[in-house]
Amino acid sequence: MPNAPATSPLAEQASTPTDTTRRTFIALGVGALGACYAGLIGYPVYQYLATPARKAAATGTVTQAVLDGADQLPAGSALMFKFGTAPAMLIHHTDGSWVAFGAVCTHLACTVNYEPEQSRIYCACHGGVYDPKTGANVAGPPPKPLTRYYVEVQDGRVLVSKA
Ligand code: FES
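The sequence shown begins at 1150 in this note's numbering and counts up one residue at a time.
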């Protein structure tokens, strides 16, 4: 209190317009800092909680993926791509057939990989094995087949869509 004498107790309770303005400014500053702090803490928590629901919604609404140039995929190899936000794979088998699956393991959702030398789709998390022609779960803990997609090979691209 620069305007009040230091010895008067009543002077400490009195406020001037300058003190009120200063208090208002400090209160607004503290409020703004509190709002920033709440945002810093709250936004990551919101992202953590909202991401699975957002991913599910995005994957559910996507019905087709266009893979430009994928018609040139060599036989006996696979192409990993995103179907919506989820990993998926396109396989061009040596017999000329094409298949596409969701690459999310049906056990605990690890991403699976095509292993042409083993003639299998393999999940390294717990040793799950899928048939690369049908996506059927053939060994390990996966309880059901991979999601299979419809494949249409066109000149210059491959269309993958929900069957
Ligand atoms: S997550 Fe794939 S086998 Fe467990």
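Virtual Cβ for every residue (Gly too), placed ideally from N, Cα, C.
### Query
If we count the other Cβ atoms within 10 Å of its Cβ and call it buried at 16 or more, is I1110 buried or exposed?
What is shown of the chain runs 1150 to 1312, which leaves residue 1110 out entirely.
### Query
Would the beta-carbon of L1295 be found less than 7 Å away from any heavy atom of the ligand FES?
Numbered from 1 along the sequence shown, position 146 holds the residue referred to as residue 1295. L1295 Cβ: outside cutoff for every heavy atom of the ligand FES.
### Query
With C-beta atoms as the reference, is P1265 less than 8 Å away from A1252?
Stepping through the sequence shown from its first residue, residue 1265 is reached at position 116. Stepping through the sequence shown from its first residue, residue 1252 is reached at position 103. Cβ distance not < 8 Å, so P1265 and A1252 don't count as in contact.
### Query
CB V1278 to CB V1287, shorter than 8 Å?
The residue you call residue 1278 lines up with position 129 of the sequence shown. The residue you call residue 1287 lines up with position 138 of the sequence shown. Yes.
### Query
So P1313 is in the beta strand (DSSP E); what residue range does that whole segment cover?
The structure shown does not extend to residue 1313, since the chain is modelled only from 1150 through 1312, so no value can be given for it.
### Query
Does the beta carbon of A1258 fall short of 7 Å from some heavy atom of the ligand FES?
Taking the first residue of the sequence shown as 1, we reach residue 1258 at position 109. At least one heavy atom of the ligand FES is nearer than 7 Å to the Cβ of A1258, so yes.
### Message
Contact between the region 1230-1247 and the region 1210-1218 is defined here as three or more beta-carbon pairs at a separation below 8 Å; is this criterion met?
### Response
yes
### Task
Tell me whether T1170 is buried or exposed, calling it buried when 16 or more other Cβ atoms sit within 10 Å of its Cβ.
By one-based count along the sequence shown, residue 1170 stands at place 21. The residue is exposed, with fewer than 16 neighbouring Cβ atoms inside 10 Å.
### Query
Quick one: is the Cβ of G1289 within less than 7 Å of any heavy atom of the ligand FES?
Counting from one through the sequence shown, the residue named residue 1289 turns up at place 140. Result yes, Cβ under 7 Å from the ligand FES.
### Query
Between R1306 and G1245, is the Cβ-Cβ spacing less than 8 Å?
Translated into the one-based positions of the sequence shown, residue 1306 becomes position 157. Translated into the one-based positions of the sequence shown, residue 1245 becomes position 96. No, these two residues do not count as a Cβ contact at 8 Å.
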